[in-house]
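Number of protein chains: 2
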Amino acid sequence: MTANQTGISTQAVLSMRSGGYYSERTYGAKQAIDKMLPVVQDALTPDPAASGILRVADFGAADGGTSRELWFKAFQALREGGDGREIAITYTDLPSNDFSTLFRTMQGLQGDEALAYQKQLDGVFVYGCGTGFHTQLFPSESLDFGFSATAMHYLSVKPCEISTHVHATGAEGAEADAFAEQARADWERILLARAAELKPGGRMVCLNFGIDEKGRYLGNTGGQHMFNMFDRFWKELRDEGKITPTEYERATFVQYYRTLEEFTAPLKDPSSPVAKAGLRLVDAFSTYTRCPYETRFSESGGSMTNAEFAKSLIPTMRSWSETVFLTALDGRPPAEAQALVDEFYQSYEDHVAVEPAGHAMDYIHIVVVMEKT
Amino acid sequence: MTANQTGISTQAVLSMRSGGYYSERTYGAKQAIDKMLPVVQDALTPDPAASGILRVADFGAADGGTSRELWFKAFQALREGGDGREIAITYTDLPSNDFSTLFRTMQGLQGDEALAYQKQLDGVFVYGCGTGFHTQLFPSESLDFGFSATAMHYLSVKPCEISTHVHATGAEGAEADAFAEQARADWERILLARAAELKPGGRMVCLNFGIDEKGRYLGNTGGQHMFNMFDRFWKELRDEGKITPTEYERATFVQYYRTLEEFTAPLKDPSSPVAKAGLRLVDAFSTYTRCPYETRFSESGGSMTNAEFAKSLIPTMRSWSETVFLTALDGRPPAEAQALVDEFYQSYEDHVAVEPAGHAMDYIHIVVVMEKT
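The structure is reproduced here in structure tokens:
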């Protein structure tokens with residue numbers, strides 16, 4: 060449940076590498092979010108005559124880093140449009156989230172002060188909420204606007220292990236059905252919670268990992284298939300006897316990439332509980348954001364070697380996926396588990412270094428805009 | 060800025076010792092807070108006919124542990140009184156606060172589940188705010204009730220070093236004046252911020268370390284004087300040449316214990332900015348809470364030795380004061396600084412073990428109840 064594409068906090072990244080490395084690591088996710096500004100501004104039109112408090116939320120926001128510029132620009136546009144309403148923004152995530160970094164960056168105590176909207180703009184108040192977004196997080200009909208980026212592909216529970224693959228995109232039969240059903244039930248709960256929270260006329264914009272109309276999704280946009288690569292090298296460890304069949308199975312991402320149809324179904328069906336709760340579909344579409352690592356490699360004019368590309372690409376995948384593989388090895392001594400996971404990612408990197416063509420982590424997002432009637 | 064009397068998070072304590080130890084460490088602070096229930100309930104009277112959202116805040120709340128039972132009982136009384144309003148409670152503290160523990164305990168994911176009001180009661184929503192309470196933290200006239208315990212003796216800045224003592228309670232002349240003036244200015248800022256946030260008719264209850272009508276305050280209630288003991292053993296290190304005169308001076312607590320008169324002055328003076336902002340005094344009084352360590356020793360009937368008492372008392376003082384002495388030694392190798400601070404507390408402990416009479420950390424709180432007109 061992290062809006063940060065890399066799945067690790069800005070603080071962690073900042074402490075690991077230089078600022079430039081951090082910018083690159085979150086560049087793709089941030090680009091995808093920044094593209095949402097017109098959609099957000101469509102919902103947050105300046106109204107110089109409006110009174111009361113504007114209450115907004117960012118669901119599954121992690122440390123708020125990737126969406127900060129979006130919010131800054133949206134709030135700035137309100138002020139420039141003569142809308143002086145006080146703004147209360149609440150960032151939600153799991154209790155373990157790094158709320159301290161979030162609070163510091165919004166106040167300009169850390170990171171780029173120019174984007175610290177709590178400091179730069181008048182009348183903006185920032186809060187955190189450490190409860191998962193599958194339940195109602197705000198009082199009924201109290202929210203003017205909701206936003207969420209790259210968070211809702213995480214399922215509330217793992218419905219089963221996937222015996223033949225690591226990710227639901229590669230699951231088959233009853234296992235695929237179980238994931239689809241869990242995702243359907245979770246999405247319905249998410250929408251019902253938002254329907255309860257939103258004021259009449261309030262909008263919610265969801266930007267989420269999903270499968271587009273061409274069947275594309277994160278790391279699978281026509282070239283090599285990232286999740287198949289994960290599965291291939293994890294299977295290799297099993298087939299070589301280095302991990303057990305159970306350990307192979309347990310590496311199952313608790314994620315589901317919904318199609319645009321799956322995202323919109325409860326909003327389109329007038330008999331659904333979601334429609335009855337008053338939530339209607341405004342718009343839905345997919346977006347494509349090219350992998351910044353592959354772009355840099357392609358545009359390097361040969362000055363970047365294959366090995367350098369592989370060494371830059373794999374860590375970004377590793378940062379958000381490693382925990383799945385480490386958890387699958389629970390019960391082994393930590394050093395032993397770490398060595399196996401190191402070997403796994405090294406195999407992937409070696410493979411890319413030999414033949415880099417088609418390897419990338421392009422982003423596919425499904426955008427869903429909805430409104431409480 | 061911590062409501063936790065011991066100045067360390069419950070998580071830190073829990074990881075250090077057993078649950079029983081934790082309970083004892085926060086027992087005094089929690090007792091003082093629990094005594095506030097009638098005052099809180101006076102402000103949060105159940106109203107079965109009321110509509111809208113009840114918005115409350117706990118300022119400088121740390122991990123929320125010491126005030127949790129108070130809030131649980133206050134919310135439970137509302138429900139039992141037929142008041143079904145949805146409740147939004149926001150805990151404020153500095154960005155570095157342990158909001159994760161706070162969110163987990165309120166949801167019943169950690170600690171005593173019976174007091175996890177977010178789980179036990181319907182329609183209660185919990186938030187965090189990581190901005191210091193010297194500025195406005197909530198939209199104007201949006202708060203129904205505010206509470207704060209053992210937080211506002213911390214000053215926003217250190218006005219000067221105290222050259223002849225470690226604490227403002229022992230300061231003299233211009234130094235004492237500088238602390239009093241900083242405390243006055245801070246308290247005015249705090250009250251103006253709360254005046255802006257509270258709805259008309261909304262109340263704020265402040266329970267803070269201060270000096271009572273008998274001149275008593277934390278650790279100085281007629282027996283031995285805790286801050287004088289701190290000063291005595293810190294001076295000893297200086298006089299023995301173990302720390303420099305500058306290091307002696309730098310051990311200055313950024314705290315001020317206001318008298319009841321200082322707390323109430325801006326609320327009583329109709330020409331003050333605070334009174335003009337619409338904040339009026341409802342009630343002010345002092346409370347005394349006996350030191351749980353001294354109580355246990357006194358009631359042990361001789362089964363607890365002097366040394367055991369000293370060994371139990373000093374760590375609770377150390378937990379919230381150590382950072383002041385360590386910071387004063389900035390520039391020394393950490394191990395060297397730690398050894399000096401160890402020696403300092405050991406001197407205090409040895410002193411208590413020889414002659415325990417009168418040593419205690421009794422609590423004195425000044426309670427201020429105010430209302431926005």
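Chains as they are written, first to last, in our numbering: chain R, 60 to 432; chain U, 60 to 432.
Glycine included, each C-beta is placed from N, C-alpha and C at the ideal position.
(1) Express the C-alpha separation of glutamate 220 of chain U and alanine 227 of chain U in angstroms, rounding to a whole number.
(2) Alpha carbons only, please: which of U/Asp409, U/Tyr276, U/Ala394, U/Gly182 is nearest the one belonging to glycine 143 of chain U?
(3) Quick check on alanine 394 of chain R: buried or exposed, where buried means 16 or more other Cβ atoms within 10 Å of its Cβ?
(4) Entirely within the segment 174–258 of chain U and at least 4 residues each: give me those alpha helix (DSSP H) ranges in chain order.
(5) Please list the partners that glycine 261 of chain R has in chain U, where partner means a Cβ-to-Cβ separation under 8 Å.
(6) Classify alanine 108 of chain U as buried or exposed, calling it buried when 16 or more other Cβ atoms lie within 10 Å of its own Cβ.
(7) In terms of residues, what are the limits of the alpha helix (DSSP H) holding isoleucine 373 of chain U?
(8) Closer than 7 Å between beta carbons: that is the criterion. Which residues of the segment 188–219 of chain R meet it against chain U?
(9) Would you call the segment 167–176 of chain R and the segment 156–171 of chain U in contact, with 3 or more CB pairs under 8 Å?
(10) Please list the residues of the segment 93–114 of chain U that have a C-beta atom closer than 8 Å to any C-beta atom in chain R, keeping them in chain order.
(11) Residue ranges of each alpha helix (DSSP H) run of no fewer than 4 residues wholly in the segment 79–154 of chain U, ordered along the chain?
(12) Closest to proline 19 of chain R by C-alpha separation, out of R/Gly87, R/Thr305, R/Phe238, would be which residue?
(13) If you measure between the beta carbons of phenylalanine 322 of chain U and tryptophan 246 of chain U, is that distance less than 9 Å?
(14) Where does alanine 147 of chain U land, buried or exposed, given buried means 16+ other C-beta within 10 angstroms?
(15) Please report the straight-line C-alpha distance between valine 98 of chain U and glutamate 272 of chain U, rounded to a whole angstrom.
(16) Span of the beta strand (DSSP E) holding lysine 273 of chain U?
(17) How about isoleucine 425 of chain R and glycine 261 of chain R: do their beta carbons lie closer than 9 Å?
(18) Taking the beta strand (DSSP E) that threonine 346 of chain U belongs to, which residues open and close that run?
(19) Roughly how far, in whole angstroms, is the beta-carbon of valine 427 of chain R from the beta-carbon of cysteine 265 of chain R, given that I think they are within contact range, below 8 Å?
(20) Note down the Cα distance separating threonine 209 of chain R from glutamate 200 of chain U, rounded to an integer number of angstroms.
(21) If contact means a Cβ-Cβ distance below 8 Å, which residues of the segment 161–180 of chain R contact chain U?
(22) Would tyrosine 186 of chain U pass as a contact of threonine 149 of chain U if the rule is Cβ separation under 9 Å?
(23) Based on DSSP bridge pairs, tell me the residues matched to glutamine 314 of chain R.
(24) Residues in the same chain with beta-carbon distance under 7 Å from threonine 194 of chain R, minus the five sequence neighbours each way, listed in chain order, please.
(25) Return no unless some Cβ of chain R is closer than 9 Å to the Cβ of glutamate 320 of chain U.
(26) Tell me whether the beta-carbon of phenylalanine 312 of chain R lies closer than 9 Å to the beta-carbon of valine 383 of chain R.
(27) Using 8 Å as the cut-off, can you tell me whether the segment 363–381 of chain U makes contact with the segment 290–304 of chain U, which would need three or more C-beta pairs spanning the two stretches below that distance?
(28) Give me, in chain order, the residues of the same chain whose beta-carbon lies closer than 7 Å to that of valine 333 of chain U; leave out the 5 immediate sequence neighbours on both sides.
(29) Name, in chain order, the residues that DSSP records as bridge partners for glutamate 430 of chain U.
(30) Considering just the uninterrupted stretch of the alpha helix (DSSP H) at serine 406 of chain U, what are its terminal residues?
(31) With a cut-off of 8 Å on the beta carbons, I'd call lysine 431 of chain U and leucine 338 of chain U a contact; round off their distance for me.
(32) Can you name the start and end residues of the alpha helix (DSSP H) that glutamine 166 of chain R belongs to?
(33) What are the start and end residues of the alpha helix (DSSP H) that includes asparagine 287 of chain U?
(34) In the DSSP assignment, the alpha helix (DSSP H) including proline 325 of chain R goes from what residue to what residue?
(35) Along the segment 133–152 of chain R, where does the CB come closer than 7 Å to a CB of chain U? Name the residues.
(36) For the alpha helix (DSSP H) that alanine 357 of chain R lies in, which residues bound it at each end?
By the coordinates alone:
(1) Translated into the one-based positions of the second sequence, residue 227 of chain U becomes position 168. Translated into the one-based positions of the second sequence, residue 220 of chain U becomes position 161. Computed Cα separation, rounded: 10 Å.
(2) In the second sequence, counting from the first residue as 1, residue 143 of chain U sits at position 84. Nearest option by C-alpha distance: U/Gly182.
(3) As a first step, residue 394 of chain R must be located in the first sequence, where it is residue number 335. Exposed, since its Cβ has fewer than 16 Cβ neighbours within 10 Å.
(4) The qualifying runs are 176–179, 232–256.
(5) In the first sequence, counting from the first residue as 1, residue 261 of chain R sits at position 202. What glycine 261 of chain R touches in chain U: nothing, since even the nearest Cβ is about 15 Å away.
(6) Stepping through the second sequence from its first residue, residue 108 of chain U is reached at position 49. So alanine 108 of chain U ends up on the exposed side.
(7) Numbered from its first residue, the second sequence carries residue 373 of chain U at position 314. Residues 365–387.
(8) Those would be Cys188, Gly189, Thr190, Leu196, Phe197, Pro198, Ser199, Ser201, in chain order.
(9) Short answer: they don't touch.
(10) Ile112
(11) For the segment 79–154 of chain U, the continuous alpha helix (DSSP H) assignments of 4+ residues that do not extend past its boundaries occur at 96–102, 127–139, in sequence order.
(12) The structure shown does not extend to residue 19 of chain R, since chain R spans only 60 to 432, so no value can be given for it.
(13) Counting from one through the second sequence, the residue named residue 322 of chain U turns up at place 263. Counting from one through the second sequence, the residue named residue 246 of chain U turns up at place 187. Remark: C-beta atoms of phenylalanine 322 of chain U and tryptophan 246 of chain U approach each other more closely than 9 Å.
(14) Counted from its first residue, the second sequence places residue 147 of chain U at position 88. Sixteen is the threshold: when 16 or more other Cβ atoms of the shown chains lie within 10 Å of the Cβ of alanine 147 of chain U, as they do, the residue is buried.
(15) Looking up residue 98 of chain U in the second sequence gives position 39. Looking up residue 272 of chain U in the second sequence gives position 213. Whole-angstrom Cα-Cα distance: 20 Å.
(16) Residue numbering aside, residue 273 of chain U sits at position 214 when the second sequence is read from its first letter. Looking at the DSSP string, lysine 273 of chain U is not in any beta strand (DSSP E), and its letter there is neither H nor E.
(17) Translated into the one-based positions of the first sequence, residue 425 of chain R becomes position 366. Translated into the one-based positions of the first sequence, residue 261 of chain R becomes position 202. For isoleucine 425 of chain R and glycine 261 of chain R, no; Cβs fall outside 9 Å.
(18) Stepping through the second sequence from its first residue, residue 346 of chain U is reached at position 287. Note, threonine 346 of chain U: beta strand (DSSP E), 338–348.
(19) Walking along the first sequence from the start, residue 427 of chain R turns up at place 368. Walking along the first sequence from the start, residue 265 of chain R turns up at place 206. The pair is a contact, with the Cβ atoms about 4 Å apart (cut-off 8 Å).
(20) Within the first sequence, numbered from 1, the residue matching residue 209 of chain R stands at position 150. Within the second sequence, numbered from 1, the residue matching residue 200 of chain U stands at position 141. When rounded, the distance between both Cα atoms is 35 Å.
(21) Leu161, Phe162, Arg163, Gln166, Leu168, Gln177
(22) To locate residue 186 of chain U, count along the second sequence from 1; it is residue 127. To locate residue 149 of chain U, count along the second sequence from 1; it is residue 90. Yes, the pair counts as a contact, with Cβ atoms nearer than the cut-off.
(23) As a working note, residue 314 of chain R is residue 255 in the first sequence. R/Tyr213.
(24) Indexing the first sequence from 1 puts residue 194 of chain R at position 135. Taken in chain order, the residues that qualify are Ala252.
(25) Here residue 320 of chain U refers to the residue found at position 261 of the second sequence. So, not an interface residue.
(26) Stepping through the first sequence from its first residue, residue 312 of chain R is reached at position 253. Stepping through the first sequence from its first residue, residue 383 of chain R is reached at position 324. Their beta carbons are under 9 Å apart, which means phenylalanine 312 of chain R touches valine 383 of chain R by this criterion.
(27) The segment 363–381 of chain U makes no contact with the segment 290–304 of chain U, as fewer than three CB pairs between them are under 8 Å.
(28) Residue numbering aside, residue 333 of chain U sits at position 274 when the second sequence is read from its first letter. Same-chain partners within the cutoff: Glu247, Leu250, Leu251, Ala254, Pro325, Leu326.
(29) Walking along the second sequence from the start, residue 430 of chain U turns up at place 371. According to DSSP, which records beta bridges pairwise, glutamate 430 of chain U is partnered with U/Arg262, U/Arg339.
(30) Looking up residue 406 of chain U in the second sequence gives position 347. Residues 393–413.
(31) By 1-based counting over the second sequence, the position of residue 431 of chain U is 372. By 1-based counting over the second sequence, the position of residue 338 of chain U is 279. With 8 Å as the limit, lysine 431 of chain U and leucine 338 of chain U qualify as a contact, their Cβ atoms being about 6 Å apart.
(32) For this step, residue 166 of chain R is matched to residue 107 along the first sequence. Segment 158–166, the alpha helix (DSSP H) holding glutamine 166 of chain R.
(33) As a position in the second sequence, residue 287 of chain U is number 228, starting the count at 1. Looking at the DSSP string, the run of the alpha helix (DSSP H) that includes asparagine 287 of chain U is 285–298.
(34) Translated into positions along the first sequence, residue 325 of chain R becomes position 266. Taken as a continuous stretch (DSSP letters only), the alpha helix (DSSP H) holding proline 325 of chain R covers 319–327.
(35) Glu145, Ala147, Thr149
(36) By 1-based counting over the first sequence, the position of residue 357 of chain R is 298. Note that residue 357 of chain R is serine in the sequence shown, not alanine. Start and end: 351–357.
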